[in-house]
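> Going by my numbering, the first residue of the sequence shown is number -5, and it counts up by one from there.
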Amino acid sequence: MSGYFITFEGSEGCGKTTQIEALAKAFSSMGKTVVITREPGGTLIGEKIRNLLQDPSYKNEISDITELLLFCASRAELIASCIQPALDRGEIVICDRFYDSTYVYQGLGRAIDMDTVEKLNQITVGTLKPDLTILLDLDTKIGIQRAKNRQSGELDRIENESLAFFEAVRNGYLEIAKKEPARFKVIDGELNVATIQEMIWETVKSKFLN
Ligand code: T5A
């Protein structure tokens, strides 16, 4: 038996963590087993990679290709030790970011050749694909401001990128969602938390619970 694999995507501060917690509670209250995880991170090795990738003092120390490989390494470990085993047990896996993040942040934000990103993605994930991806679309400036407020003004290595970088990320997400309408649900991240929560639950119910 295979469970469901749900991913959340969006640019900085769009509200993924807030909504993932609410969705996991809703599933748990129905007696379903839910695994919440995140990228980069989610494993011992992945969390060490996350620290490397986010540390603002490494601003000029990580080349674009190294960054891409580190995100893929974290993902490979997460799939092998967490996501695939949980799906094989029939559980629900909710992941904060997955390979769509790599397409938009490294492929578009860093402008790494898409063939390279695609090849590495195939090596990293094989045939694994999310059953549903919730994209919380948010104005870039609002998202960065939210991230700043939450972290008392401190931004991590990637959050320090330019507005143009995050505009490319936002537009890239919307393009992917347009190409894969059966997998994506795009929700306006400026709506209030409760409304977004309800919209996500309606989407999940109609996709998995009917
Ligand atoms: N990355 C990741 C890549 O470049 N390539 C990759 O392949 C992968 C996997 C991850 C970084 O790595 C990059 C992308 C990222 O830069 P991260 O810390 O996980 O780093 O960063 P984010 O994913 O952006 O997570 P954040 O914690 O910054 O944002 P969330 O989780 O989207 O937002 P959340 O829920 O923490 O909310 C942020 C603030 O806004 C408020 C919350 O209370 C909180 O204070 N909020 C709202 N306010 C108003 N209205 C709403 N609807 C709100 N929802 C939440």
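The C-beta atom is built at its ideal place from N, Cα and C for all residues, glycine as well.
Beta carbon of Glu61, beta carbon of Leu72: below 8 Å?
To locate residue 61, count along the sequence shown from 1; it is residue 67. To locate residue 72, count along the sequence shown from 1; it is residue 78. No, they are not a contact pair.
> Can you look up Arg91 in the DSSP assignment and give me helix, strand or coil?
As a first step, residue 91 is located in the sequence shown; it is residue number 97 there, counting from the start. Arg91 falls in the coil class under three-state DSSP.
> Measuring CB to CB, does Tyr167 end up less than 8 Å from Glu6?
Here residue 167 corresponds to residue number 173 of the sequence shown, with the count starting at 1. Here residue 6 corresponds to residue number 12 of the sequence shown, with the count starting at 1. No.
> Report back the beta-carbon spacing between Cys89 and Thr27 to the nearest angstrom; my notes put them in contact at under 8 Å.
In the sequence shown, residue 89 corresponds to position 95, counting from 1. In the sequence shown, residue 27 corresponds to position 33, counting from 1. The Cβ separation is near 15 Å, so there is no contact.
> Hey, would you say the C-beta of Val198 is under 7 Å away from at least one heavy atom of the ligand T5A?
Locating residue 198 in the sequence shown gives position 204, where the first residue counts as 1. Answer for Val198: no, Cβ out of range of the ligand T5A.
> Could you tell me the distance, in whole angstroms, from the CA atom of Ile59 to the CA atom of Phe65?
As a first step, residue 59 must be located in the sequence shown, where it is residue number 65. As a first step, residue 65 must be located in the sequence shown, where it is residue number 71. Rounded to whole angstroms, Ile59 to Phe65 spans 10 Å at the Cα level.
> Leaving out five residues on either side along the sequence, give the residues of the same chain with a beta carbon under 6 Å from the beta carbon of Ala171.
Counting from 1 along the sequence shown, the entry for residue 171 is found at position 177. Result list for Ala171: Leu129, Phe178 and Val180, in chain order.
> Please state the DSSP three-state secondary structure of Thr1.
The residue you call residue 1 lines up with position 7 of the sequence shown. Strand at Thr1.
> Pick out whichever of Glu196, Val198, Asp182 and Gly35 has its Cα sitting closest to the Cα of Thr134.
As a first step, residue 134 is located in the sequence shown; it is residue number 140 there, counting from the start. When only C-alpha atoms are compared, the closest one is Asp182.
> Buried or exposed: where does Asp94 fall if 16 or more other Cβ atoms within 10 Å of its Cβ makes it buried?
Here residue 94 refers to the residue found at position 100 when the sequence shown is read from its first residue. The residue is buried, with at least 16 neighbouring Cβ atoms inside 10 Å.
> Since Ile128 sits in a beta bridge, which residues does DSSP pair it with?
Taking the first residue of the sequence shown as position 1, residue 128 is located at position 134. BP columns for Ile128 point to Phe2 and Lys179.
> Just checking Gln179 against the ligand T5A - is the residue's beta carbon closer than 7 Å to any of the ligand's heavy atoms?
One-based indexing of the sequence shown puts residue 179 at position 185. Note that residue 179 is Lys in the sequence shown here, rather than Gln. Result no, Cβ not under 7 Å from the ligand T5A.
> Starting from the Cα of Thr127, find the closest Cα among Thr118, Gly101, Thr110 and Phe92 and give me that residue.
What you label residue 127 is simply residue 133 of the sequence shown in a count that begins at 1. Of Thr118, Gly101, Thr110 and Phe92, the residue nearest in Cα terms is Phe92.
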